[in-house]
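FYI, in our numbering the residues of the sequence shown are 50 to 248.
The beta carbon of each residue, even a glycine, is placed where N, CA and C say it ideally should be.
Because the structure is a prediction, the values reported are computed rather than measured.
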Amino acid sequence: MFQVIYILGVMASSISGALKGGKHNLDVFGVAVIGLTTGLGGGVLRDVIMNQVPFAVKNEWIVYVSLGVSVLAFYFSDKVIYYYKVVKTLDAAGLAVFVVIGADKGIDSGLGILGIAIMATLTGAVGGLLRDIFVREVPYIFKEDVYASLCMVSGATYGILVLYTNIDRILLKNIAVITIFTIRVVTIKYNIHLSKKIL
50 MFQVIYILGV MASSISGALK GGKHNLDVFG VAVIGLTTGL GGGVLRDVIM NQVPFAVKNE
110 WIVYVSLGVS VLAFYFSDKV IYYYKVVKTL DAAGLAVFVV IGADKGIDSG LGILGIAIMA
170 TLTGAVGGLL RDIFVREVPY IFKEDVYASL CMVSGATYGI LVLYTNIDRI LLKNIAVITI
230 FTIRVVTIKY NIHLSKKIL
């Protein structure tokens, strides 16, 4: 089940990247690159920083999944946009899994709480950050809603619970995924943002 949610999350992230590329009139190659970057960029960067062979390099099938849905989104964008709420929901589920995967990588590598939170955030949010940079927009995670901050806080909290309590790790994973998913869906539904200051 965990892997299924991961795959759906990669697909949803790739679709969001592809739609952003289409909005900026990129050709199919550009859209595929943006979709791939959005879906897998965070995990790849995380593994490179940790001096590991990226998961996507060792498991090429996930690259093909990301590229495939990106190209499909390019050619069927009108239908994808119609179901965009479903895509956003899948993205929320994927984010939850990405955060836990990133945090687990940090924990298993012996990092402290800050390092664990950073790995969780890299995995969950950097794909979208790179997507927006590529199309010359202010990154979505800096202005629109609760996203990167959710990754940081959730990753740190999960790390603390794993390292300093005796709660079963599998149970903690499930609780973390459900909690992050729920918070993300609520912030989308009610358009919740961090406070802003207009100068």
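Residue i lies in the alpha helix (DSSP H); which residues open and close that run?
{"i": "Leu212", "result": "Ala197 to Tyr213"}
{"i": "Gln52", "result": "Phe51 to Lys72"}
{"i": "Leu160", "result": "Looking at the DSSP string, Leu160 is not in any alpha helix (DSSP H), and its letter there is neither H nor E."}
{"i": "Leu221", "result": "Arg218 to Lys238"}
{"i": "Lys107", "result": "Phe104 to Lys107"}
{"i": "Asp127", "result": "Ser126 to Tyr131"}
{"i": "Arg95", "result": "Val77 to Ile98"}
Going by beta-carbon coordinates alone, are residue i and residue j separated by less than 8 Å?
{"i": "Leu94", "j": "Val59", "result": "no"}
{"i": "Leu85", "j": "Ser115", "result": "yes"}
{"i": "Ile83", "j": "Ala67", "result": "yes"}
{"i": "Ala142", "j": "Gly208", "result": "no"}
{"i": "Val77", "j": "Val120", "result": "yes"}
{"i": "Asp140", "j": "Ser65", "result": "yes"}
{"i": "Ile190", "j": "Ala169", "result": "no"}
{"i": "Gly92", "j": "Pro103", "result": "yes"}
{"i": "Val226", "j": "Lys69", "result": "no"}
{"i": "Met99", "j": "Lys134", "result": "no"}
{"i": "Ile165", "j": "Ala122", "result": "no"}
{"i": "Gly71", "j": "Ser126", "result": "yes"}
{"i": "Leu210", "j": "Ile216", "result": "yes"}
{"i": "Ala105", "j": "Val97", "result": "no"}
Taking the alpha-carbon of residue i as reference, which of the options has the nearest alpha-carbon?
{"i": "Ser62", "options": "Thr172, Met168, His242 and Pro103", "result": "Thr172"}
{"i": "Ser213", "options": "His242, Ile156 and Val195", "result": "According to the sequence provided, residue 213 is Tyr. The question's Ser does not apply to it. Nearest of His242, Ile156 and Val195 to Tyr213, Cα basis: Ile156."}
{"i": "Lys178", "options": "Thr170, Pro188 and Leu116", "result": "According to the sequence displayed, residue 178 carries Leu and not Lys. Of the listed residues, the one whose Cα sits closest to Leu178 is Pro188."}
{"i": "Lys222", "options": "Arg185, Val149 and Gly176", "result": "Val149"}
{"i": "Val118", "options": "Phe147, Ala81 and Asp140", "result": "Ala81"}
{"i": "Ile237", "options": "Thr138, Phe78, Gly91 and Thr206", "result": "Thr138"}
{"i": "Val195", "options": "Ile167, Tyr113, Leu75 and His242", "result": "His242"}
{"i": "Ile229", "options": "Ile162, Lys128 and Phe147", "result": "Phe147"}
{"i": "Gly176", "options": "Gly79, Thr87, Gly71 and Lys72", "result": "Thr87"}
{"i": "Asn240", "options": "Ser203, Ile162 and Lys192", "result": "Lys192"}
Please determine if the region 195-210 and the region 220-234 are in contact, where contact requires at least 3 C-beta pairs separated by less than 8 Å. Touching, yes.
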